[in-house]
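Counting with the numbering used here, you get residues 252 to 757 for the letters of the sequence shown.
Glycine is no exception: its CB is placed at the ideal position from the N, C-alpha and C atoms.
What follows is one structure encoded as C-alpha cells, with my remarks underneath.
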Amino acid sequence: MSTSKAHGAGPQPVQFHFDYSYARLPERFYARLNPTPVAAPKLIKLNDGLARELGLDPDQLASPAGVQILAGNQVAEGSEPLAQAYAGHQFGHFVPMLGDGRTNLLGEVIARNGARYDIQLKGSGPTPFSRRGDGRAAMGPVLREYIVSEAMAAMGVPTTRALAAVSTGQPVYRESVVPGAVFTRVAASHIRVGTFQYFAAKGDVEAIRILADFAIARHYPEAATSTKPYRAFLDGVISRQARLIAQWMMLGFIHGVMNTDNMSVSGETIDFGPCAFMEAYDPATVFSSIDQRGRYSYSNQPIAAHWNLTRLAEALLPLLQQESGSEEAGLASANEALAAYEPQFDAARQAGFARKIGLQTQLDGDGALAADLLDRMARNAADFTLTFRLLCDAAADPAADRHVRSLFADPSAYDAWAVVWRSRLRLEPLPGSLLADTMRKVNPAFIPRNHLVQAAIEAAELREDYRPFEELVDVISRPFEVRLGMDRFTSPATPAERVLHTFCGT
Ligand code: AMP
Ligand code: MG
Numbered sequence: 252m253s254t255s256k257a258h259g260a261g262p263q264p265v266q267f268h269f270d271y272s273y274a275r276l277p278e279r280f281y282a283r284l285n286p287t288p289v290a291a292p293k294l295i296k297l298n299d300g301l302a303r304e305l306g307l308d309p310d311q312l313a314s315p316a317g318v319q320i321l322a323g324n325q326v327a328e329g330s331e332p333l334a335q336a337y338a339g340h341q342f343g344h345f346v347p348m349l350g351d352g353r354t355n356l357l358g359e360v361i362a363r364n365g366a367r368y369d370i371q372l373k374g375s376g377p378t379p380f381s382r383r384g385d386g387r388a389a390m391g392p393v394l395r396e397y398i399v400s401e402a403m404a405a406m407g408v409p410t411t412r413a414l415a416a417v418s419t420g421q422p423v424y425r426e427s428v429v430p431g432a433v434f435t436r437v438a439a440s441h442i443r444v445g446t447f448q449y450f451a452a453k454g455d456v457e458a459i460r461i462l463a464d465f466a467i468a469r470h471y472p473e474a475a476t477s478t479k480p481y482r483a484f485l486d487g488v489i490s491r492q493a494r495l496i497a498q499w500m501m502l503g504f505i506h507g508v509m510n511t512d513n514m515s516v517s518g519e520t521i522d523f524g525p526c527a528f529m530e531a532y533d534p535a536t537v538f539s540s541i542d543q544r545g546r547y548s549y550s551n552q553p554i555a556a557h558w559n560l561t562r563l564a565e566a567l568l569p570l571l572q573q574e575s576g577s578e579e580a581g582l583a584s585a586n587e588a589l590a591a592y593e594p595q596f597d598a599a600r601q602a603g604f605a606r607k608i609g610l611q612t613q614l615d616g617d618g619a620l621a622a623d624l625l626d627r628m629a630r631n632a633a634d635f636t637l638t639f640r641l642l643c644d645a646a647a648d649p650a651a652d653r654h655v656r657s658l659f660a661d662p663s664a665y666d667a668w669a670v671v672w673r674s675r676l677r678l679e680p681l682p683g684s685l686l687a688d689t690m691r692k693v694n695p696a697f698i699p700r701n702h703l704v705q706a707a708i709e710a711a712e713l714r715e716d717y718r719p720f721e722e723l724v725d726v727i728s729r730p731f732e733v734r735l736g737m738d739r740f741t742s743p744a745t746p747a748e749r750v751l752h753t754f755c756g757t
C-alpha cells in the first residue's frame, strides 16, 4: 500500500486518522488505485467548520501539503484510495457497470460526534470505471455542488457535504474548454441503490448479503437485532427516503438526476448535478438539459424515489426470500415494505407544509389549506421561497400581506386564501408573532438561486474571481437568519438573469 508523506510543507504531516472499513470488503467491491496528480493545484475553498467537526485540522488541510492531498497529488498517511463498483438505472435504462469513474474514496474518518464519514475526491482522475470519460470534473459543477450541498446542510436536509474545492491548473474539455477542479466530498457513505444492483445483476447473492450487512452495521444498526434484518433495512431506507424527498419538496429543490446510482441508502442527498431550487412555483419544473421528458421534474420526484426503492427491493429479494422462508413470502415482504413509502411521504410532506404556513396543531382541512396555497402560487407564478418567507411576516402582522400578494400575478388570489388562513391561525394557541418565529425556522430567506450560482461560477471560470462564490457560500450557510439589505440574494432572477437549463457538466 503506498503511503507517501507530503513534502515541501510545514512541520506536521496532515493527519486524517483514517479508519477504513470499505477497503476490508472483498476485492470485487472496488478497484484500488491512487488519484492521478494534477498540474498546479490551488485551494479555492476549505470548509473550516466541517473540517473541525471531522476532527481534522483546517490549517493543516489548507497548507501546501494539505492542498497536495486535496488535489490527489499526494496520498495521505493511512489512506488506501479506491474506486467503488456500482451499477444503476439511468433515466430508466439499466447499466450493469457504472462505478466511480472519476472519484477516489480516500478513507473514512470518525467525526467528533462519533459518526463515520467517507472522504472522497471527485474529479481525481480516470479509474477502471471511467468508460469514455476523462476522470475529471469541471470547475462549474464543483462549485455548484459545493454551494448547493452546503445550503442543504444549513437547511437541515440530510446531504453529503463539501470539505474543499481545489483548482487543478488543467483544462477539461466539455461543450467548451473550462478549468478543472477537484472536489472533496464528505458522506455518511457512498453506498447507492446501484451498488446493490451491481451485485444483483451478477447473481452474486453472497456479495448482496455482505453489502447489506455492511450497510446495516453502518446506517441501520437497530435492524441487526430484528427477526428479519433485511426487511428492517429495506424499511429503514424507505423511511429515510420518504422523509428526504418530502424535505426537498418543502424547499422547492429539484435534484435533476435521480438515477438509482445517485440514491444513497444512508438517506443523504447525493450527486448534485444539474440541481436547482425552483423560483416561480410550477410543479412541472425541470432544470436538467438532458431530462427531455421531465422524468425528474419537481412533482415527479416522489414517484422517481419510489421507483428507485422498488429497484432496491428487487436487488434485496434473495435475502428477503431467505429470511421469510419462501419465494412468495419474500416477495410479499418486499411489497409490504414498498407500500409503506407513500403514506410516510404524504405524512412528512403534509406535516412539513403545515409548519411552513405556521400550523403547530393538526386539524382536518390543514392539508387542503396548504394545497390551495400551492395551487394559487402555481397559477400565479409566485416565487416559492419568497412566498413562504414573506408569509412569516404576514403571520405576525396582516399589514405585511401586501408584500406576499405582490408576488402573485393576480394578487387577489392570495387575498382570498389569506382570509381562510387567518381564521385557521386564530385556532392556534400561539400568537401570530411567535408563530412567525417558528415559521422563519422552516422557511429559508436564502437559497442558492440559480442565477447567483451561475454568476459565481462564471466569475470563477472566466476571471478566477472567487468572491461571488465566497459571498454566496456565506449567505446560504445561514439560510433562516433575518438580514436586511440582502435583496440581491432574496429576489428571483429578472427575465434576463434567468437560467433555464442546468447542464450536467460531467
Ligand atoms: P453522474 O452523472 O456524475 O452521477 O455519473 C454517472 C456515471 O458516470 C458514474 O459512473 C460516474 O463515475 C461517471 N462519470 C461521470 N463523469 C465522468 C468523467 N468525467 N469521467 C469518467 N467517468 C465519469
Ligand atoms: Mg452519480
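So does residue i have its beta carbon nearer than 7 Å to some heavy atom of the ligand AMP?
{"i": "residue 539", "result": "no"}
{"i": "residue 559", "result": "no"}
{"i": "residue 353", "result": "yes"}
{"i": "residue 380", "result": "yes"}
{"i": "residue 624", "result": "no"}
{"i": "residue 508", "result": "yes"}
{"i": "residue 350", "result": "yes"}
With distances taken between CB atoms, is the gap from residue i to residue j smaller than 8 Å?
{"i": "residue 506", "j": "residue 526", "result": "yes"}
{"i": "residue 358", "j": "residue 504", "result": "no"}
{"i": "residue 374", "j": "residue 445", "result": "no"}
{"i": "residue 563", "j": "residue 584", "result": "no"}
{"i": "residue 332", "j": "residue 419", "result": "no"}
{"i": "residue 651", "j": "residue 660", "result": "no"}
{"i": "residue 508", "j": "residue 549", "result": "no"}
{"i": "residue 347", "j": "residue 461", "result": "no"}
{"i": "residue 604", "j": "residue 621", "result": "yes"}
{"i": "residue 402", "j": "residue 730", "result": "yes"}
{"i": "residue 569", "j": "residue 488", "result": "no"}
{"i": "residue 693", "j": "residue 398", "result": "no"}
Does at least one heavy atom of the ligand MG sit under 7 Å from the Cβ of residue i?
{"i": "residue 385", "result": "no"}
{"i": "residue 513", "result": "yes"}
{"i": "residue 634", "result": "no"}
{"i": "residue 455", "result": "no"}
{"i": "residue 738", "result": "no"}
{"i": "residue 542", "result": "no"}
{"i": "residue 522", "result": "yes"}
Looking at the strands, I want to know which residues DSSP matches up with residue i.
{"i": "residue 758", "result": "Any property of residue 758 remains undetermined from this structure, which presents the chain solely from 252 to 757."}
{"i": "residue 333", "result": "283, 356"}
{"i": "residue 479", "result": "None, per the DSSP bridge assignment."}
{"i": "residue 443", "result": "515"}
{"i": "residue 340", "result": "345"}
{"i": "residue 431", "result": "389"}
{"i": "residue 294", "result": "417"}
{"i": "residue 554", "result": "Paired residues: none, contrary to the question."}
{"i": "residue 634", "result": "531"}
{"i": "residue 412", "result": "437"}
{"i": "residue 423", "result": "429"}
When you compare only the Cα positions, how much space is there between residue i and residue j?
{"i": "residue 745", "j": "residue 700", "result": "12 Å"}
{"i": "residue 600", "j": "residue 519", "result": "17 Å"}
{"i": "residue 309", "j": "residue 294", "result": "12 Å"}
{"i": "residue 496", "j": "residue 426", "result": "31 Å"}
{"i": "residue 738", "j": "residue 685", "result": "24 Å"}
{"i": "residue 392", "j": "residue 682", "result": "44 Å"}
{"i": "residue 443", "j": "residue 649", "result": "47 Å"}
{"i": "residue 289", "j": "residue 354", "result": "14 Å"}
{"i": "residue 492", "j": "residue 535", "result": "21 Å"}
{"i": "residue 438", "j": "residue 521", "result": "8 Å"}
{"i": "residue 263", "j": "residue 720", "result": "30 Å"}
{"i": "residue 573", "j": "residue 567", "result": "10 Å"}
{"i": "residue 608", "j": "residue 748", "result": "29 Å"}
{"i": "residue 422", "j": "residue 429", "result": "6 Å"}
{"i": "residue 494", "j": "residue 595", "result": "7 Å"}
{"i": "residue 274", "j": "residue 330", "result": "10 Å"}
{"i": "residue 267", "j": "residue 304", "result": "12 Å"}
I want to check one thing, is the minimum distance from the CB of residue i to the heavy atoms of the ligand SAM below 7 Å?
{"i": "residue 283", "result": "The ligand SAM is not part of the structure shown, which contains the ligand AMP and the ligand MG as its ligands."}
(message) Check whether the stretch 675–693 and the stretch 653–667 touch, using three or more Cβ-Cβ pairs below 8 Å as the test.
(response) Output reads no: the stretch 653–667 does not touch the stretch 675–693.
Original post:
Within the chosen definition, does the stretch 304–324 reach the stretch 432–439 through at least 3 CB pairs nearer than 8 Å?
Top reply: yes
State whether the stretch 405–421 contacts the stretch 286–300, with contact taken as three or more CB pairs (one from each stretch) at a distance under 8 Å. yes
* Are the stretch 707–721 and the stretch 274–290 touching, with three or more C-beta to C-beta distances below 8 Å? -> no
- State whether the stretch 468–485 contacts the stretch 383–392, with contact taken as three or more CB pairs (one from each stretch) at a distance under 8 Å. With a cut-off of 8 Å, the stretch 383–392 and the stretch 468–485 do not count as touching, because too few Cβ pairs lie within range.
Notebook entry, point to check: Quick check: the stretch 527–543 against the stretch 448–456, are there 3 or more CB pairs under 8 Å?
Noted result: no
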